[in-house]
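From first to last, the protein sequence lines stand for chains A and B. Per the numbering used here, the first sequence starts with residue 1, numbered consecutively. Per the numbering used here, the second sequence starts with residue 1001, numbered consecutively. By construction, the Cβ of each residue, glycine as well, lies at the ideal position given by its N, Cα and C atoms. Structure record follows, encoded as structure tokens.
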Amino acid sequence: MHPPTPSSGALRRLGTQRWTTAAKTSRQCAAIHMTTRATVPSTKQTLPSHAVRAAVAAPSSPTLPTVTQTAQRRTFHSTDHPPPPGPFGATESALLAAAYQHVPEHGFSSAALAFGARDAGFPDISTSVLPDGEFGLIRWHLELRKAELAGRAEEMFVGEGKGKEYKIPEKIEMLIWERLTGNKEVIGQWQQALAIMASPTNVPVSIKHLAELADEIVYLSGDKAVDPSWYSSRAGVSAIYASTELFMTSDKSEGFTDTRQFLRRRMEEARGVKGALGNVGQWVGFSAMGALNVARSWGVRV
Amino acid sequence: MASRPGLRSIAAASTSASRTFAPRFVPPTSRSFASTHPASRPTTTTNDTSDRPTSFGFETVTESEKRERVAGVFSSVADSYDRMNDMMSLGVHRLWKDHYVSSLNPGYTPPGQAARPQHILDIAGGTGDIAFRHLHTAHVLNRNPDVRVTISDINPDMLEVGKKRSSILPASQQAALSFLQANAEDLTGKVADNSMDLYTVAFGIRNFSNMPAALQEAHRVLKPGGVFACLEFSKVGNALLDSVYKRWSFGAIPMIGHLVAGDRDSYQYLVESIENFPSQEDFRQLILDAGFGVAGQGYEDLTGGIAAIHRGIKPLA
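Rendered as structure tokens:
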């Protein structure tokens, strides 16, 4: 994740009315903060919210924006420009979308890919064009569920401003829970997927994806801060999400209530840590100022 | 301290390679490839582009002349080809080829399903290296005996080597193997439209006079959903590795060719043709231009980009 140093134009926009109103009115802006690389399939304009809802309602036809040519890159986030293309090409999307239907039964495996290829009318050899095999299927799942989040956020926070107010940590908790429910269908295969994601060649992409997801969640929660808390909030969300996701893979409770409680406890701890850190910071600042004043009273020219 | 001058000369090589690289290695234009066997040259097939200029190593020749000269090079190296590959790449080419074939996974069938026949066209596959690996993966590992491989090469000498070597294969694999002498830029009448599952070319495409034409042919012969795969030398990303690699390829490989195969010029051509081959991105663009789709970035670097695997897929309908 890049440091929060947007171009001066973006910074200026951050402080203006325009940004805040744009952000308020368009919570469908799944798009990530100014620094996220533009290969992320931001659902903003590509997937209109009704399409996202359709994808949520009918998981049998998941879609993602596709890219036919080389992915364009943009180093900044903009709500004023059309969104960049998604990370998957047309044929790649067709193969992965078909294979994804077989994941609950066959896992994130070459078998699922091969079944999917047959379903979609491809010859068996076609799956060999996918550069990272089953990890590509995992990336498909991750991108799909992340892209759905923006539309879900719009639905969840619909009552906001009309008598119902959420605090940012509440919204973050709701968003994390919403993203975790996206794993329900494949939860039996998710430990295997986490193992594949943790293999050395895949670790950089996995971590990048976690960072993007955290960025998305923080953005959708309405946290627009560009101070050092930019890092701490994203790091916190990443840690909470990753640990809760792992907990969920071994959760046997009805409706994953144990996971829900686990998530709540982690959020409370984060609040506690944040408060403690804030107190420490205040104390250090106060002591330093006191020491400075004592030095001045001794006649030191500072 | 002894390593210092060595390091300095590497550093100097890396800087000078970028600045004065081409002039230092341009061979005299009068050089000819005297070691060819004129008798074994294939009859030159003339098509409309045969007098168009193309590159032969660092020289510029016409396409038909390149075809003849490449035929000469491979006729002269056919017998020592594998030994030379081992010495030049220090054995790494075997790892690349193994990875290449296992990543294509020919003959794979989803569990519990009936195996479907597949037909693989191995272009420039003269000595059979790639074809034998495909057969092993499909027949032995994936237990799909309905996978056939056609080895195609423009050069009858290379095909002879392949035929000789195929005699040690199990009979069932020999039965699934066929040989075809053809120019990959024009397979009309030899390979039918939409007939192949997999088109594979390993360390061959840089010798083609007209790469776009060959890619068009690949697109024509592949079934919809069929895969184009290419293993080829490529551009090294890391500057330090690149300078060491350039030293090795331009200094040592012609020398090894001279000592082991008694044929310096052919190996000089090999390294020059590698240097002239387009970068990963440019070659991917050629694949896209031919009508294929790619997945992800479209290529996979091997050993820091010394070689790269490109894959494309012919879209359905």
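Scanning its chain for C-beta atoms nearer than 7 Å, with the 5 sequence neighbours on each side dropped, one finds around F1208(B) the residues A1184, E1185 and A1214, in chain order. For S93(A), the enclosing alpha helix (DSSP H) has its first and last residue at A90 to Y100.
Taking C-beta atoms as the reference points, A112(A) and H106(A) count as a pair closer than 8 Å. Closest in alpha carbon position to A153(A), among L220(A), R266(A) and L180(A), is L220(A). Taking a C-beta cut-off of 8 Å against chain A, the contacting residues of the region 1186-1199 of chain B are D1197 and L1198, listed in chain order.
In summary, V1294(B) is buried, with 16 or more beta-carbon neighbours lying within 10 Å of its beta-carbon over all protein chains present. If you draw a straight line from the Cα of L1169(B) to the Cα of N1155(B), it comes to about 22 Å.
Its Cα nearest to that of E178(A), the residue E148(A) stands out among E160(A), T249(A) and E148(A). Between the alpha carbons of I217(A) and K146(A) lies a gap of roughly 9 Å. Residue burial is scored here from C-beta neighbours: D1157(B) has at least 16 other C-beta atoms within 10 angstroms and is therefore classed as buried. Within chain B, P1110 and Q1113 have C-beta atoms less than 8 Å from the C-beta of R118(A), given in sequence order.
Interface with chain B (8 Å Cβ-Cβ cutoff): F108(A) is excluded. Listed in chain order, the beta strand (DSSP E) elements of length 3 or more contained wholly in the region 1224-1308 of chain B are 1299-1302.
For E92(A), the chain B residues whose Cβ falls inside 9 Å of its Cβ are G1293, V1294, A1295, G1296 and I1313, in order along the chain. Around the Cβ of N1194(B), a 10 Å sphere holds fewer than 16 other Cβ atoms; the residue is exposed.
Taking F262(A) as the centre and dropping the five residues before and after it, the same chain places the C-beta of T244 and F247 closer than 7 Å to its C-beta, in chain order. Residue contact check for S1279(B) against chain A: no CB pair falls below 8 Å. Across the structure, N202(A) and K1235(B) are spaced so that their CA atoms are roughly 24 Å apart.
For Q1181(B), there is no enclosing alpha helix (DSSP H); the residue is found in the beta strand (DSSP E) stretching over L1177 to Q1181.
For G1251(B), no chain A residue has a Cβ inside 9 Å of its Cβ, as the nearest lies near 33 Å away.
In this structure, the beta-carbon distance from S1266(B) to S1076(B) falls below 8 Å. Residue burial annotation: P1111(B) is exposed, with fewer than 16 other C-beta atoms found within 10 angstroms of its C-beta.
The Cβ atoms of M1087(B) and I1205(B) lie no closer than 8 Å to each other.
DSSP places P104(A) within a helical segment (H, G or I) once states are collapsed to three. Secondary structure of G281(A) (DSSP, three-state): helix. With respect to the C-alpha of Q1297(B), the residue from F1283(B), T1303(B), G1125(B) and G1291(B) having the closest C-alpha is F1283(B). In the three-state DSSP reduction, E268(A) falls in the helix class (H, G or I). Secondary structure of Q1113(B) (DSSP, three-state): coil. Nearest Cα to H1119(B) within the set A1078(B), A1176(B) and F1233(B): A1176(B).
Under the DSSP assignment, D1153(B) falls outside any alpha helix (DSSP H), being part of the beta strand (DSSP E) whose first and last residues are V1147 to D1153.
Look at the region 1222-1248 of chain B: the residues with a C-beta under 7 Å from a C-beta of chain A are K1223, G1225, G1226 and V1227. S1103(B) reaches chain A at S128, counting residues in chain order whose Cβ is nearer than 7 Å. Take R271(A), set aside five residues on each side of it, and the residues of its chain with a beta-carbon closer than 7 Å to its own are P169, in chain order. When C-alpha distances from I1309(B) are compared across L1159(B), F1179(B) and A1202(B), the shortest belongs to A1202(B).
Within the same chain, W1096 come within 6 Å of L1302(B) by CB-CB distance, once the 5 residues on both sides are set aside.
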